[in-house]
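In my numbering, the protein residues as written are 6 to 322.
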């Protein structure tokens, strides 16, 4: 795999500093039941990295110490961690909102048959990846049979109230482009997703988040192999919108890897660019990192290009 970090480190991206920390985004490990081309984590079934118990048990303490309002759990497939459910329960007891970044097919994995019911009982917000509403496109990006299993997962969630008006159970979908292009306008694509999923499969959801593909790890290596890396970086830079700098996710979020190390965002985590300030999760028990500088490189243009891109989708609407 090509290492894209040397191609990203020399940068003219604007300097940033953190605002008030509100969200702890935790990567429980890189093991996943899928291997997607666009995956910036390079996750897959053969990855063995997994957060240990001592680090995991720091998370509820940090939520309380820093008075954080949200725990954003990711992976890999975070639900494959043996103590995923314990962590969700502890975070909910503390009053924090819990977000599960779910790939939908995990809901039909052996041993996970009651996962959807657990998430609903804990009133976990689900952000689920579905790169298209057409089977051919999804299976082409994520593997044969993924679309069918994803639709089955969405039906299961809908039956529990997710995405239904007035239920309070939020279900959001995530779109990534198929290749080296920016996502289309989020509002228009959301309308198309809602129309097509409703008419074709009787599925409802709350919002669609559009995310740009980051030129790192698996996707970045593919760009290098195809001779498209420089062209894609030029697209990101030429589409930079300074107004998006005020809303990028790193201003109020800190990312934690499976070892408990701190990063300004999930993308910096994958590039092993540590955050300034305390090096580990334990350091957050004593130190408030609000106002600290954020470490940037050229991949940051992926968050500010066009309508902008963040863990909560487009930034300009």
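The beta-carbon is built from N, C-alpha and C at its ideal position, and this holds for glycine as well.
Query	Result
Going by other Cβ atoms of all chains shown within 10 Å of its Cβ, with 16 needed for buried, is residue 160 buried or exposed?	exposed
Let me know if residue 181 comes out buried or exposed under the rule of 16 or more other beta-carbons within 10 Å of its beta-carbon.	buried
Identify every run of the beta strand (DSSP E) within the segment 113-142, keeping only runs that are complete inside it and at least 3 residues long; order them along the chain.	130-134
Quick check on residue 16: does DSSP put it in helix, strand or coil?	coil
Quick one: measure Cβ to Cβ for residue 202 and residue 155, integer angstroms, because I've assumed they're closer than 8 angstroms.	Actually they are not in contact, since the Cβ atoms of residue 202 and residue 155 sit about 11 angstroms apart, beyond 8 angstroms.
Is it true that the CB of residue 142 sits closer than 8 angstroms to the CB of residue 208?	no
Residue 178 by DSSP, collapsed to three states: which one?	strand
How many angstroms separate the CA atom of residue 186 from the CA atom of residue 234?	12 angstroms
Compare the Cα-Cα distances from residue 269 to each of 217, 13, 28, 35 and report the closest residue.	28
Any chance the segment 112-119 sits against the segment 163-172, with 3 or more Cβ pairs inside 8 angstroms?	no
Using only alpha-carbon positions, find the residue among 200, 177, 230, 225 that is nearest to residue 210.	177
With contact counted as at least three CB pairs below 8 angstroms, one residue from each stretch, are the segment 77-93 and the segment 51-60 in contact?	yes
Tell me the rounded alpha-carbon separation between residue 194 and residue 231.	28 angstroms
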